[in-house]
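Position one of the sequence shown corresponds to residue 22 (the working numbering), numbered consecutively onward. For every residue, glycine included, the Cβ atom is placed at its ideal position computed from N, Cα and C.
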Amino acid sequence: MTLNRRAPGVTGLLDAALTWVALVGGGLTLAFMTLFSVWNVLIMRKALNSPIVGAEDLLILSLVVIVALAIPFGARSGAHIEIEVLDSVMSQGFARWSMVLVKLLALALLLVMARQLWHAGDSAEKFGETTQQLLISYQPFYYALAVSIALYALVLVLDIVRLARGGQIKPLKIDGDLQ
Numbered sequence: 022m023t024l025n026r027r028a029p030g031v032t033g034l035l036d037a038a039l040t041w042v043a044l045v046g047g048g049l050t051l052a053f054m055t056l057f058s059v060w061n062v063l064i065m066r067k068a069l070n071s072p073i074v075g076a077e078d079l080l081i082l083s084l085v086v087i088v089a090l091a092i093p094f095g096a097r098s099g100a101h102i103e104i105e106v107l108d109s110v111m112s113q114g115f116a117r118w119s120m121v122l123v124k125l126l127a128l129a130l131l132l133v134m135a136r137q138l139w140h141a142g143d144s145a146e147k148f149g150e151t152t153q154q155l156l157i158s159y160q161p162f163y164y165a166l167a168v169s170i171a172l173y174a175l176v177l178v179l180d181i182v183r184l185a186r187g188g189q190i191k192p193l194k195i196d197g198d199l200q
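This is the structure:
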């Protein structure tokens with residue numbers, strides 16, 4: 022897969038990092054989940070009648086990793102849902118500034134969410150928040166989600182700056198060519 026044109030400056034660097042991390046990290050995590058599920062269900066459970074203890078724990082935590090990797094990449098690539106019912110009846114300037122306002126509200130919520138996830142990570146071990154069978158602490162996964170949400174907030178900051186300067190938001194595009 023190739024990037025269709027790298028954006029200039031910080032946005033371009035962020036695009037490159039998010040793409041690499043999401044595609045490589047997400048791909049490896051999905052490959053692990055697929056191979057581990059097949060091994061656990063078909064071979065260990067069905068053939069040998071001895072499923073892997075804690076397999077569900079590992080799969081659930083893998084899903085958390087995939088979500089953490091996908092959130093900022095989805096924000097940058099425009100994968101999140103936007104409802105643009107009123108855009109056609111608004112002036113271009115009003116539409117731009119209403120988008121800035123909405124993104125500022127979203128930024129505030131994301132910063133609160135990132136802070137709360139980080140706080141949950143700080144207290145996870147103290148309160149014994151672990152998986153059911155393997156007792157893996159949720160702490161690093163709370164931190165991963167907090168960083169992911171903070172990166173989403175960074176994407177919104179870059180969008181707000183671009184809109185405030187009169188520019189357009191150009192989502193990250195990836196084509197399907199394997200060159």
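Give me the Cβ distance between residue i and residue j, rounded to the nearest whole Å; I'm assuming they're in contact under 8 Å.
i: Leu193; j: Arg97; result: 5 Å
i: Leu179; j: Thr50; result: Not a contact, Cβ separation roughly 26 Å.
i: Leu131; j: Ile170; result: 5 Å
i: Asp78; j: Leu155; result: 5 Å
Determine which residues share a DSSP beta bridge with residue i and list them.
i: Ser158; result: Thr151
Ignore the nearest five residues each way along the sequence and tell me which others in residue i's own chain have a CB closer than 6 Å to its CB.
i: Leu199; result: Residue confidence is low: Leu199 scores 42 on pLDDT, short of 50, so the model does not pin down where it sits. No coordinate-derived value is stated.
i: Ser112; result: none
i: Asp108; result: Ala116
i: Ala76; result: Asn61
i: Gly142; result: Gln160, Tyr163 and Tyr164
i: Leu24; result: A caution first: Leu24 carries a pLDDT of 49, below 50, which makes its placement in the model unreliable, though a value can still be read off. Same-chain partners within the cutoff: there are none.
i: Gly99; result: Pro192
i: Val85; result: Phe162
Kindly indicate which residue of the options has the alpha-carbon position closest to the one of residue i.
i: Ala52; options: Tyr159, Ile87 and Tyr164; result: Ile87
i: Val19; options: Leu166, Gly149 and Leu155; result: Missing from the structure shown is residue 19; the chain here goes from 22 to 200 and no further.
i: Asp196; options: Pro93, Ile181, Thr32 and Thr40; result: Thr40
i: Leu172; options: Pro29, Leu35 and Gly30; result: Leu35
i: Gly187; options: Val121, Leu63 and Ala68; result: Val121
i: Ile81; options: Val182, Gln153, Ile170 and Ile181; result: Gln153
i: Glu103; options: Tyr159, Ile64, Val85 and Val123; result: Val123
i: Gly114; options: Gly30, Gln189, Ala38 and Ala37; result: Gln189
i: Val106; options: Lys67, Ser119, Thr151 and Phe57; result: Ser119
i: Ser83; options: Leu56, Glu146, Arg183 and Gly95; result: Leu56
Beta-carbon within less than 8 Å of residue i's beta-carbon, same chain only, minus the 5 sequence neighbours each way: which residues are those?
i: Ala127; result: Leu177
i: Trp139; result: Tyr163, Tyr164 and Ala167
i: Ser71; result: Met65
i: Leu175; result: Leu35 and Pro93
i: Ala38; result: none
i: Ala185; result: Val121
i: Ala89; result: Phe162, Ala165, Leu166, Val168 and Ser169
Using beta carbons (cut-off 9 Å, strictly below), is residue i in contact with chain C?
i: Ala127; result: Although the question refers to chain C, the structure presented lacks it and comprises just one protein chain.
What residues in its chain sit with their C-beta under 7 Å from that of residue i, if we drop five residues either side in the sequence?
i: Ala91; result: Ala43 and Gly47
i: Glu146; result: Ser158 and Gln160
i: Val182; result: none
i: Pro29; result: none
i: Met54; result: Leu80 and Ser83
The ligand NAP heavy atoms versus the CB of residue i: any closer than 8 Å?
i: Val42; result: Absence of the ligand NAP is noted for the structure shown, with no ligands found whatsoever.
Let me know the alpha helix (DSSP H) ranges lying completely inside the stretch 45-122, each 4 residues or longer, listed in chain order. 47-59 and 76-98
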